[in-house]
Each structure stands twice: as structure tokens, then as C-alpha cells.
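Which chain is which? The protein sequence lines are A and B, in order. Residue 1 in numbering that gives the first Met the number 0 sits at position 2 of the first sequence, with consecutive numbering throughout. Residue 1 in numbering that gives the first Met the number 0 sits at position 2 of the second sequence, with consecutive numbering throughout. Glycine included, each C-beta is placed from N, C-alpha and C at the ideal position. Below you'll find the structure, written out as C-alpha cells, and then a few comments.
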Amino acid sequence: MKIPYNEELRPDTGLYNAKLGIWLFLASEVMLFGALFSAYIMLRISDPSWSSYTVDHDGHSILNIPLATLNTVILISSSVTMVMSWVALKMNNFYKYKMYMGITLLCSFAFLFIKYIEYSAKFAHDPPLYPSTNNFMAIYFTLTGLHMLHVIGGILVNYYLWKEFDDVSKEKTSKWFNGLSLLCLLLPWGYIALGDAEIAIRGYETNIGTLLFGTYALSLLSSKIDSLKPYNYIFAGFGFFVAFFSMIQFSGYGYYLFLIISGITFFDSMLRKPHASFETEPERFTNRVEIAGLYWHFVDLVWIFLFPALYLL
Amino acid sequence: MSNDINHHVVIYKRVFYALLVLTALTVGVTYVHFEIYWVGLFIGLLIACVKGYLVAANFMHLNNEKKFIYGTLLLTVVFFFVLLFMPILWKANDVDVKNNPKTIYHQIDDDSDHGHKDHH
């Protein structure tokens, strides 16, 4: 049975289902960010010593304005390429769609990377700047952190729409994951390097490296044994959670990398081919991309207001 | 139909350039020193609103959207302004009780007759 009004427009509202749904969701998100902006206004106008929070002891702003301007340009560009990817689908050009959506994803990752640079600069500052340092830091980390979570959500959705799935719908292996496991197993110093990295960072070796290595090795094994293939995602997920919890204890870049790689591969191993793809239902798929685009434009809109509010004013 | 799409693509490109220019302007305005402080604030927010309008109207296709969406957004905007200004107006309505002796709180707290007449 076909769900009505997924592609054709409803006669009373003139919209298809998902469009109304996403606009209602965006309305709720406006309230979410609006509450935080209101909190920012309140905090700022009631504190006469606000300027002391935003300025360093040598008079410069503690926020990096050129970097944030670059971030703004990157996000605006990703918004443009997002709408161009929808236009490409409307013109039945799947190759161009993949290209534009890929650029959108790259821009999003660049945005996240610059955010990472900004945040680590705050923590490495002398004295370190945490959300608990003062009111400005609190609202800054809250607003930009929540926005960053929205960016990550958008990346997940856009990646799902961009990825081309294998025909075998029951396939539960992830190429990335197997590649990394293969690397760990084949290179004899892969296992030793993990331990060495731990010694270099912490000064001693713990069991986390062994756990991570063991998880990846198990995942590789399970991807080769046919009866264990459907459960590959369990090992992928286990590796992700080990990396995630070990991140809290360690601050070395190796663990961040493990977290990112294991997170991506875990997410990737969970994906299944959608019912509506461009080959089977092109109009419905185009609508899905439009909806993802509306969400992404909203994320861009929030940043357009966040950037002057926090960095410039 | 293809002309229609091409026309839209031209608009998207123009909006992109406009957004880049406005971003540069937003940063540039911060280096101008205004005599009244809040004028700079106001101009910065105004430019942000223009950018927001360009994104919403063109990229989110709000220019040719249906009435239902306009109505939803109008409701949202109304409640958003309530949300934004309610704390400020609430705080502004607060009276400084300690230093303003003519408030009703002081009349009630007056120890002489507690607001009642003496009963004998």
C-alpha cells in the first residue's frame, strides 16, 4: 500500500507530508534556540562587568574572529551546495547530486574541525576557559555546543542520503571497519603502537588498548565467517563505546581519532538501504533531500545569528 | 521547466554572493566606533536579519510557499518574541522594595497597626 501525499500535494494545505512535518519541527527548534538567545540577552544586560569576560588580560578578544568568519563562510557555502544538490536531483542528474552533497559533507566536517580547534584553544588557554569559568563562557559553550550537535545530526542524515548502498540488503559489514581491523592485524607494530601511544600519553599501559585491538580483531574475524556476519555491528558498537568511555580518561589525540573512526564505522555498519532510493522512487527521494536541505538551512540560519551575537557584539 | 530551474540556480548564486558580502560587512561594522554604543549592536543584528531573510526566502523556498506554512511561522515568530522579551520585561517590572518605601509591601509590614484598625 502506498502512503498518500508523500509526493503529491495535499489539496487542503498544498504541501506533501514531510514538508509540513519538518516546518513544525523547525518551529520547535526556533523556540529552543530562542530560549538560549533570551538567556544570553538577560545575562549580558544584567552584568556590568561583561566586557571583562570577553577580553584577554592583554586587551584582545578571547574569541578568534577570523576563524569564526571562515566558519561562517564554510557553513553558508555548504547551504548553497545543499540546495544545488536538490536542484540536481530535480534535473535528474544523480552524478551532480552526489558531487554537491559530497561537498556539503566536506564543508560540514571542516566546520566541525574548526570548532574543535576553537574549543581546544579555550581549554589550552592560560588560565583554561571552561563553561564554569564565567557566565559568558557558559552561554558560549552552551550555544555553540548545541549548534555543533545539530551540525553532527545533519551530517548523519546527509551521509545516509549520500551513501550508495549495496544491493544485498542484509549485508552487515562495513568496509571501513574491516580496513582498520586489517591494518591493526597485518601491521605487527599496530598492537605495539597502541601500547606505546598509551605509555607516551599516560606514562603507563592500561587494558584499553588491548580491548580496542581485540574488538577490531574480533570484528574482522566475524566479517569473514558467514554465520557471524550479521552480528558485526555488535563488535563495531562495542569498539565505539570503549573508545568513547576511554576518551573521558585520556586526552591524547589517538583516542579522539579512535573515537571518530569507530563512531563513523559503527554508524556506517548500522545503515540499511532505504526503501525510497533514487532508482526506485526518484520523486520521493528528491523530497527527502529537500527536507534534509530545509533542516540544514535552519542550522545555517542559527549560526548566522550566533556568529554576530557571540563573536562580534 | 528547465528554464525555471535555471532561473532558480541564477538566484541561488546571486544570494550566495550577497551573503558573502553581508558577512564581510558584519565583521567590518565591528571595527567602526559608534558614539552611542547600541547603534553598532542594532546594525549588526539588522545585517544578521537580512542574511537570515535571504536564506529563508530563497534556500528554504519561503518565497513561494503555501499559506499554511506562513501561518505556522507567524505563530512561531509571535511566541518567539514573547519568549525573547518576557524575562526582560519581567525583570524591568520588578520594583526595588528595599529602597523604595512607598510600595505596598512596606504598608503591610508597618508594625503600628498591621493594616488593621485597633480593636478594643
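Checklist entry - How would you label tyrosine 55 of chain A, buried or exposed, when you count the other beta carbons within 10 angstroms and need 16 or more for buried? => result Within the first sequence, residue 55 of chain A is the residue found at index 56, counting from 1. A small correction: the amino acid at residue 55 of chain A is aspartate; tyrosine does not occupy that position in the sequence shown. It is exposed - the Cβ of aspartate 55 of chain A has fewer than 16 other Cβ atoms within 10 Å.
Item to check | C-alpha distance - lysine 66 of chain B paired with histidine 59 of chain A, whole-angstrom precision | outcome: Locating residue 66 of chain B in the second sequence gives position 67, where the first residue counts as 1. Locating residue 59 of chain A in the first sequence gives position 60, where the first residue counts as 1. Going from the Cα of lysine 66 of chain B to the Cα of histidine 59 of chain A covers about 48 Å.
Next on the checklist: Just to confirm, is the Cβ distance from alanine 26 of chain A to isoleucine 290 of chain A under 8 Å?
Outcome noted: If you number the first sequence from 1, residue 26 of chain A lands on position 27. If you number the first sequence from 1, residue 290 of chain A lands on position 291. Against a cut-off of 8 Å, the Cβ pair of isoleucine 290 of chain A and alanine 26 of chain A comes out as no contact.
Checklist entry - Run through DSSP, which three-state label would serine 168 of chain A get? => result For this step, residue 168 of chain A is matched to residue 169 along the first sequence. Bear in mind that a pLDDT of 43 at serine 168 of chain A, under 50, signals an unreliable position, so the number given afterwards is only what the model happens to contain. Serine 168 of chain A: coil per DSSP, three-state reduction.
Item to check | Proximity to glutamate 6 of chain A [Cα-Cα], best of A:Lys114, A:Phe122 and A:Ala275 | outcome: Translated into positions along the first sequence, residue 6 of chain A becomes position 7. Of the listed residues, the one whose Cα sits closest to glutamate 6 of chain A is A:Ala275.
Next on the checklist: Quick check: is the beta carbon of proline 307 of chain A nearer than 8 Å to any beta carbon in chain B?
Outcome noted: Mapped onto the first sequence, residue 307 of chain A falls at position 308. For proline 307 of chain A, the answer is yes, since a Cβ of chain B falls inside 8 Å of its Cβ.
Item to check | chain B contact for isoleucine 303 of chain A (CB, 8 Å cutoff) | outcome: Position 304 of the first sequence, counted from the start, is the residue given in the question as residue 303 of chain A. By this cut-off, isoleucine 303 of chain A is an interface position.
Item to check | Which of helix, strand or coil DSSP assigns to serine 78 of chain A | outcome: Taking the first residue of the first sequence as 1, we reach residue 78 of chain A at position 79. It is helical.
Checklist entry - With C-beta atoms as the reference, is threonine 80 of chain A less than 8 Å away from isoleucine 102 of chain A? => result In the first sequence, residue 80 of chain A corresponds to position 81, counting from 1. In the first sequence, residue 102 of chain A corresponds to position 103, counting from 1. It is a contact, given that the beta carbons lie within the stated cut-off.
Checklist entry - Beta-carbon of leucine 73 of chain B versus every beta-carbon of chain A: anything under 8 Å? => result Your numbering for residue 73 of chain B matches position 74 in the second sequence. Leucine 73 of chain B does not count as touching chain A.
Item to check | Test: tyrosine 11 of chain B CB closer than 8 Å to a CB of chain A | outcome: In the second sequence, counting from the first residue as 1, residue 11 of chain B sits at position 12. Judged by the 8 Å Cβ criterion, tyrosine 11 of chain B is in contact with chain A.
Item to check | valine 86 of chain A: contacting residues in chain D (beta-carbon distance under 9 Å) | outcome: The chain labelled as chain D is not found among the protein chains of the depicted structure, namely A and B.
Checklist entry - Quick one: what's got a C-beta closer than 8 Å to asparagine 286 of chain A's C-beta in the same chain, skipping five residues either side? => result Taking the first residue of the first sequence as position 1, residue 286 of chain A is located at position 287. For asparagine 286 of chain A, where only same-chain residues beyond five positions count, the Cβ hits under 8 Å are Asn5, Glu6, Tyr15, Ala17 and Lys18.
Checklist entry - If you run the structure through DSSP and keep just helix, strand and coil, what is serine 107 of chain A? => result If you number the first sequence from 1, residue 107 of chain A lands on position 108. Note: serine 107 of chain A maps to helix in three-state DSSP.
Next on the checklist: Which same chain residues end up closer than 8 Å to serine 66 of chain A when comparing Cβ atoms and leaving out the 5 residues on each side of it in sequence?
Outcome noted: Taking the first sequence and counting its residues from 1, the one referred to as residue 66 of chain A is at position 67. Note on identity: in this sequence residue 66 of chain A is leucine, with serine being the wrong assignment. Excluding residues within five positions, the ones whose Cβ falls inside 8 Å are Ile113, Ile116 and Glu117.
Checklist entry - Name the chain B residues that come within less than 7 Å of tryptophan 22 of chain A, Cβ to Cβ? => result Here the question's residue 22 of chain A lines up with position 23 in the first sequence. Simply Ile68 and Thr71.
Next on the checklist: Pull the bridge partners of valine 54 of chain A from the DSSP assignment, please.
Outcome noted: Within the first sequence, residue 54 of chain A is the residue found at index 55, counting from 1. A:Ser60.
Item to check | Proximal residues of chain B, C-beta to C-beta of leucine 300 of chain A below 7 Å | outcome: On the first sequence, position 301 is the one that residue 300 of chain A refers to. Result: Gly51, Val54 and Ala55.
Checklist entry - Would you say valine 288 of chain A and phenylalanine 58 of chain B are within 8 Å of each other, going by their C-beta atoms? => result On the first sequence, position 289 is the one that residue 288 of chain A refers to. On the second sequence, position 59 is the one that residue 58 of chain B refers to. Not in contact: valine 288 of chain A and phenylalanine 58 of chain B (Cβ atoms no closer than 8 Å).
Next on the checklist: Buried or exposed for cysteine 48 of chain B, going by 16 or more other Cβ atoms inside 10 Å?
Outcome noted: Position 49 of the second sequence, counted from the first residue, corresponds to residue 48 of chain B. Flag for cysteine 48 of chain B reads exposed.
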